[in-house]
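Residue numbers (the numbering used here): 14 to 227.
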């Protein structure tokens, strides 16, 4: 087998499974966008190596017998590059999102040091699905009240942390200062990153949203 082809195969084996795992996992939890490429590459190689352990025998036999065009090797490659990484990424991402790993370790008196697991407060609070009423105060002093749920969008890019709030709250009447309701004539509101001053998270209530005038 040509050396170039061998090198390509090795590159695929030690990068692709880890990358697929990373992509699937990132659908559930935040990943540091500022991670240096050396660390990112090491992360992919480590994960790919972990997955490849389960296929070590098949890889070894295929490597020395050069049985690259066999049906058995084709199925093994499909599992190695896609099926297994997708399954692991899904399960691992779900475990991290729900905090099951930390809870499990806590039960056996091995609590995780979670203070700096996420680089900024923005990622810590907004990197997982939310279900909150919010009061967003702009730098001008104006306030936007709304509901941040599954249809809302939150940027994780460290240079452009803008927001899209899917549901906006307005006063039910001009005379009412304390009663708010969902506006039915809007599809949401976009807020640029450099306009945001503070974000207050309000616990969701069953029906009406009421707050005192500040």
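Yeah, the Cβ is synthetic: ideal placement off N, Cα and C, and Gly gets one too.
Pair within 8 Å by beta-carbon distance, residue i and residue j
i           : j           : result
residue 41  : residue 109 : yes
residue 29  : residue 61  : yes
residue 31  : residue 58  : yes
residue 102 : residue 34  : yes
residue 212 : residue 149 : yes
residue 208 : residue 152 : yes
Selection from the options that minimises the alpha carbon distance to residue i
i           : options               : result
residue 147 : 115, 183 and 122      : 183
residue 197 : 215, 88, 204 and 159  : 159
residue 106 : 43, 193, 91 and 135   : 43
residue 135 : 210, 25 and 49        : 210
residue 92  : 26, 199 and 194       : 26
residue 24  : 206, 94 and 195       : 94
residue 200 : 215, 180, 17 and 116  : 180
residue 172 : 155, 194, 206 and 195 : 206
Extent of the continuous beta strand (DSSP E) to which residue i belongs
i           : result
residue 194 : 192-195
residue 214 : 209-215
residue 204 : 202-204
residue 156 : 156-161
residue 180 : 180-184
residue 149 : 145-151
Expected contact under 8 Å - CB spacing of residue i and residue j to nearest Å
i           : j           : result
residue 202 : residue 178 : 5 Å
residue 157 : residue 204 : 7 Å
residue 89  : residue 68  : 6 Å
residue 175 : residue 162 : No, residue 175 and residue 162 are not in contact; Cβ-Cβ is about 17 Å, not under 8 Å.
Cβ neighbour criterion (16 or more within 10 Å) applied to residue i
i           : result
residue 39  : exposed
residue 114 : exposed
residue 165 : buried
residue 20  : exposed
residue 223 : Summary for residue 223: the model assigns pLDDT 46, below 50, so the residue's position carries little reliability, and this model does not support an answer.
residue 128 : Reliability fails at residue 128, whose pLDDT of 48 lies under 50, so the model's placement of it is uncertain and no value is given.
First through last residue of the alpha helix (DSSP H) which encompasses residue i
i           : result
residue 61  : 50-66
residue 111 : 97-111
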